[in-house]
Structure formats: C-alpha cells, structure tokens
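Student:
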C-alpha cells in the first residue's frame with residue numbers, strides 16, 4: 001500500500017484550472033459521443049483528481065469537502081458533463097470507503113479506479129448462501145461505461161413482507177450495459193442504464209442503507225478519518241452542488257468572451273457592451289453566481305468543520321445542506337438563463353458554449369435530489385416542526 005502526501009487545495013484547483021482548455025476543446029465531441037473523451041479521463045487521472053476521496057493507505061488524498069467542491073467547480077468551467085461525472089465518481093469513491101476493509105482492498109487494488117453509483121434502489125437482492133442474488137436495473141448510471149465498479153442501491157426482503165434498502169458494490173463487468181443516454185443535457189456524462197441478471201454479491205459487499213444514511217459504516221481503518229465522519233446525504237449533496245457552481249461560472253466566461261464587438265441587432269447599439277441592459281444583466285447574473293458559491297461553500301464548510309470537531313449532526317443541519325444544494329442549482333440556472341437570453345440568435349449554434357451550458361444546468365435542476373423546490377420544501381417542513389418526509393436527508 002502506498003501512502004502519499006495530499007496536495008494542498010490550491011494545488012489541486014490549479015491542476016483543474018489547467019484542464020479547462022482541454023475540456024472546452026473536447027466538449028462538443030463529448031456531447032456528440034455521449035461520454036467523456038479518453039484524453040480528458042487521462043488528464044483528470046494524471047492530475048490526481050480521482051484520488052481526492054480515496055483513503056490515504058491506497059495512495060489517496062482524503063481531501064476535505066471544500067477542496068472537492070472547488071476542484072469539481074473548476075472542471076465545470078470547462079465542461080458540465082465532465083464536472084458531473086467526476087462528482088459522481090467522487091461520491092462513489094467515498095462510499096466505497098464505508099464498506100468493510102477487505103472490500104476496499106479489492107476495489108482499490110486497481111490503480112486510479114473509477115467507481116460510479118446510483119442511490120435510487122432499482123433492483124431486488126434476495127439472500128442466498130454467502131450473500132445475495134441481485135436482479136434489476138439502474139438508469140442514469142453516470143460514467144458506468146468508463147468505470148470498473150458500481151455502488152448501487154437495491155432492496156432486500158425483510159421476511160415480514162417488507163423490504164429494506166441496501167447498497168451493493170458490484171463489478172461493472174457483471175452488469176449488462178444499455179446504451180440509452182440520448183438526452184438534451186449533460187450528454188457527455190454517459191449516464192446509461194445498467195442491468196443485473198442473477199448477479200451474486202458476497203455478503204461483505206452489501207451495506208444496510210439505514211446506517212449509511214446515519215453516517216455509520218463497516219470500515220475499521222477509516223473510522224478516524226475526518227472525511228468519513230460526515231453522513232452520506234450531506235456529503236453527496238455538497239459534492240453535486242459543485243457542477244452547478246462551475247456551470248454558472250462557465251456561463252459568465254462564455255458570455256464575456258463573445259461580448260466584445262457584438263452588436264444588438266435591430267437597435268442603434270453597435271456594441272452590446274455599451275447598452276445599459278447589458279450592464280444590468282451581467283451584474284444580476286454575477287450576483288446569482290456569487291450566491292451559488294455561498295451555498296456550495298457553506299455546505300462544504302459545515303461538513304469539514306463538523307468532521308474535524310467530531311460533532312453529531314442534527315436533522316435541521318442535514319436538511320440545510322439539501323437547502324444549500326437546491327438554492328445553488330436555482331441560482332445557477334437563473335444566472336445562466338440571464339446570460340443565455342442576452343447572447344443573441346447566433347448563440348443557438350452548437351459550437352457556441354452558452355447553449356450547451358444552459359441545457360446542462362437545466363438538466364441539473366431536473367434531477368430529483370437537486371430539484372430546488374423539493375429541497376426548499378424539505379427544509380421548510382423541518383423548520384415548521386414537521387417530519388422530514390424522506391429518509392434521504
């Protein structure tokens with residue numbers, strides 16, 4: 001096992017920033033081919049970005065959540081699909097650190113392993129001698145074709161006619177791939193469907209979902225690591241707020257890069273940059289972008305500070321992270337919509353980034369866990385003294 005010295009946050013963000021030109025150059029290809037370009041995967045791997053949530057005993061960095069958010073957001077300035085895929089790989093890598101240590105030994109034996117995952121229980125795991133036999137399907141399985149392992153949710157019979165949710169670590173090679181990712185947004189993420197047909201899962205590769213959601217896990221060697229002291233949902237939600245922040249910043253970059261010399265057609269403005277409406281739109285968009293950063297960083301900083309102090313989480317604190325996620329997505333979409341609307345008719349061409357950014361941020365806002373109104377309602381229920389109405393908090 002290799003023990004490495006984790007690079008500081010500024011260094012990892014710098015490495016991500018240096019990848020932005022490559023991501024922008026490959027963005028159209030990734031959208032057309034519906035997966036991350038091999039050159040991009042190699043560059044992300046070489047930059048050490050996939051090590052951020054790997055335990056240190058396997059050569060990982062165990063980077064804090066603020067680092068993860070800032071790095072993934074920087075990737076989002078280059079391409080939304082890449083940022084989303086890296087966010088999913090980061091969450092699933094962290095999730096693998098919750099499994100028994102012998103399972104981690106198996107998974108992390110592959111250098112720079114990529115692990116995708118699905119939280120929605122799309123399969124049934126039936127107990128059998130030594131483990132479970134699992135059958136079902138998982139849609140929206142981001143990056144699965146470019147991964148080696150899946151950490152997927154399923155349900156298992158409880159013996160009283162009910163079912164209990166579990167999380168299983170499954171080799172991608174054991175699953176059937178359905179190439180059905182034909183979408184309007186985040187096309188490059190390759191979020192295809194995977195199918196399990198009578199796949200045997202050893203008992204040690206199965207976690208009960210209830211304890212996982214409460215921040216309890218089976219790893220002895222990770223028990224004292226700060227990044228594994230946070231509950232699952234706040235960790236996942238803070239991570240996936242980062243692509244929204246990156247896309248919002250990408251929209252600002254894309255708009256301002258095209259602004260010089262552009263006129264407002266059918267008006268007297270020969271230079272869009274001189275029009276008061278442009279000043280108002282840019283300022284409003286930047287205000288929203290700053291608010292995206294506030295919410296993404298507040299969630300990340302809470303996870304880091306509570307992990308360092310070893311403090312327990314209240315229900316209201318967990319729900320506030322989901323509030324932060326929803327607010328980040330909402331403000332990101334508002335910022336992008338403003339700049340997209342100000343970009344003129346020529347921006348509908350596929351080689352103009354703003355139209356892809358707009359579709360990508362729309363896709364984020366439609367995701368069940370990221371959906372702004374759902375997250376705001378959840379937090380509001382708890383503030384008003386009601387139950388959470390969902391275990392995913």
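Numbering (UniProt numbering), first residue to last: 1 to 393. Note that the Cβ used here is the ideal one computed from N, Cα and C, for glycine as well. Nothing here was measured: the structure is a model prediction, and the numbers come from that model.
1. Around the C-beta of residue 279, are 16 or more other C-beta atoms found within 10 angstroms, so that it is buried, or is it exposed?
2. By a C-beta neighbour count over all protein chains shown, 10 Å radius and 16 as the cutoff for buried, is residue 81 buried or exposed?
3. Leaving out the 5 sequence neighbours to the left and right, which residues in its chain are closer than 7 Å to residue 220 when beta-carbon positions are compared?
4. Which term fits residue 218, buried or exposed, when burial requires 16 or more other beta carbons within 10 angstroms of its beta carbon?
5. Would you check if the distance between the CB atom of residue 327 and the CB atom of residue 388 is smaller than 8 Å?
6. What is the DSSP secondary structure of residue 52, reduced to helix, strand or coil?
7. Taking DSSP as the reference, what is the three-state secondary structure of residue 90?
8. List the whole-angstrom C-beta distance separating residue 98 from residue 207, where the pair is believed to meet the contact cut-off of C-beta under 8 Å.
9. Do residue 331 and residue 288 count as a contact pair if the criterion is CB distance below 8 Å?
10. Across which residues does DSSP place residue 194 in a beta bridge pair?
11. Note down the Cα distance separating residue 264 from residue 234, rounded to an integer number of angstroms.
12. CB residue 12 to CB residue 44, shorter than 8 Å?
13. Have a look at residue 151 and residue 103 and give me their C-alpha separation to the nearest angstrom.
14. With C-beta atoms as the reference, is residue 133 less than 8 Å away from residue 198?
15. Could you give the distance in angstroms between the alpha-carbon of residue 189 and the alpha-carbon of residue 25?
16. Can you pull the DSSP bridge partners for residue 167?
17. Please report the straight-line C-alpha distance between residue 311 and residue 49, rounded to a whole angstrom.
18. So residue 177 and residue 194 are in contact, right, with Cβ under 8 Å, and what is the actual spacing, rounded?
19. In the structure shown, what three-state DSSP assignment does residue 15 receive?
20. Decide if residue 260 is buried, meaning its Cβ has at least 16 other Cβ atoms within 10 Å, or exposed.
21. Under DSSP, the alpha helix (DSSP H) around residue 8 begins and ends at which residues?
22. Can you tell me whether residue 116 is helix, strand or coil according to DSSP?
23. Locate the alpha helix (DSSP H) running through residue 287, then write down its first and last residues.
24. Would you check if there are 3 or more beta carbon pairs closer than 8 Å linking the stretch 296-305 to the stretch 357-372?
25. Going by C-alpha distance, which of 5, 108, 382 is nearest residue 317?
Tutor: Looking at the atomic coordinates:
1. By the neighbour-count criterion, in which 16 or more other beta carbons inside 10 Å mark a residue as buried, residue 279 falls on the exposed side.
2. It counts as buried.
3. Apart from sequence neighbours up to five positions away, the residues of its chain that approach residue 220 with a beta-carbon distance below 7 Å are 101, ordered along the chain.
4. Buried.
5. Against a cut-off of 8 Å, the Cβ pair of residue 388 and residue 327 comes out as no contact.
6. Here residue 52 sits in coil by DSSP.
7. Looking at residue 90 - three-state DSSP - the assignment turns out to be helix.
8. Rounded, the Cβ-Cβ distance is 6 Å, consistent with contact.
9. Yes.
10. Partner(s): 138, 177.
11. Rounded to the nearest whole angstrom, the CA to CA distance from residue 264 to residue 234 is 44 Å.
12. No.
13. So the alpha carbons of these two residues sit roughly 12 Å apart.
14. Less than 8 Å divides the Cβ of residue 133 from the Cβ of residue 198.
15. Straight-line spacing of the CA atoms in residue 189 and residue 25 works out to 16 Å.
16. Answer is 153, 207, bridged to residue 167.
17. Roughly 28 Å separates the two Cα atoms.
18. Residue 177 to residue 194, Cβ: 6 Å. Contact.
19. Reduced to three states, the DSSP call for residue 15 is helix.
20. Here residue 260 is exposed. Its C-beta has fewer than 16 other C-beta atoms within 10 Å.
21. Going by DSSP, residue 8 is part of no alpha helix (DSSP H) at all; its letter is neither H nor E.
22. The answer is strand: DSSP assigns residue 116 an E or B state.
23. Looking at the DSSP string, the run of the alpha helix (DSSP H) that includes residue 287 is 276-309.
24. Counting C-beta pairs closer than 8 Å gives fewer than three between the stretch 296-305 and the stretch 357-372, which falls short of the contact rule.
25. Closest option to residue 317, Cα to Cα, is 382.
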